[in-house]
Amino acid sequence: MTAAAKSYHHGDLRNTLILAASQLIEDSGSLNFAMADAARQAGVSTAAPYRHFRDRDALLEAVSQLAFFGLGERVREAIASTRQGSIETIIAIGQAYIQYVIEKAAFYDLMWGDIGARAMDADSFDQKASGFYMLVDSVEAYVGEQGLRNVDVLDLAVKLWSMVHGMSAISMSGKLPHFHPDADIPEMLDSSTRTFMAGLKQAE
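The sequence shown begins at 158 in this note's numbering and counts up by one.
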């Protein structure tokens with residue numbers, strides 16, 4: 158979680174433990190670590206984590222929040238490199254999502270799998286959905302610039318997010334070459350997004 162950790166506020170024991178657990182997951186590619194392992198990684202006693210986390214699940218939830226924070230930062234960087242209101246911004250968000258998920262594959266189940274779903278209540282969703290909300294804003298800017306009157310911005314953003322999520326999942330599975338040996342995910346995302354958005358204009 159190096160990139161996210163640079164801008165993630167830390168300096169106290171709680172956040173030191175979150176970063177330690179994140180490093181364990183990234184190094185091993187597995188969520189199977191004990192609280193004692195996180196304590197050892199952080200350089201504190203085995204009892205210390207329980208001052209801030211009731212159990213391992215609570216620590217994993219905090220790591221999940223950090224993982225989503227990192228995704229949001231990646232999306233923010235993508236937006237900053239494009240012109241707001243352009244289709245290039247929407248494509249850049251999708252590319253950033255896919256790249257982040259592939260780079261941080263060890264955190265995928267924690268973010269999107271059963272473990273993440275169990276902890277995704279309304280409050281935690283708002284904390285974790287900054288990347289999605291930035292997509293909504295970018296879609297709204299695009300729709301306004303194109304003068305599209307009959308578009309549900311939230312519905313469109315969910316469809317685009319779902320498309321990107323699906324591409325990420327099939328890419329990480331390693332099975333994409335079985336369907337299309339020459340498939341190129343960035344090119345697929347670019348062409349699919351442009352085709353999808355062109356259809357909106359035709360429907361006006």
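We put the CB at the ideal spot given by N, CA and C, even for glycine.
7 Å CB neighbourhood of ALA199 in its chain, flanking five on each side removed: THR173, LEU174 and ALA177
Would THR350 be called buried (16 or more neighbouring beta carbons within 10 Å of its own) or exposed? Buried.
Is the CB-CB distance between ILE255 and MET324 below 8 Å? yes
Test item: CB-CB of GLU245 and LEU305 under 8 Å: no
Mark GLU230 as exposed unless 16 or more other C-beta atoms lie within 10 angstroms of its C-beta, in which case mark it buried. buried
By Cβ distance below 8 Å, which residues in the same chain neighbour VAL293 in space, the five residues on each side in sequence not counted? VAL310, LEU311 and ALA314
Entirely within the region 202-285 and at least 4 residues each: give me those alpha helix (DSSP H) ranges in chain order. 213-237, 244-260, 265-269, 271-275 and 279-285
Simplified DSSP assignment, three categories, for SER187: coil
Would you check if the region 202-210 and the region 223-243 touch, i.e. whether three or more CB-CB distances between them fall below 8 Å? Contact fails: fewer than three Cβ-Cβ distances are below 8 Å.
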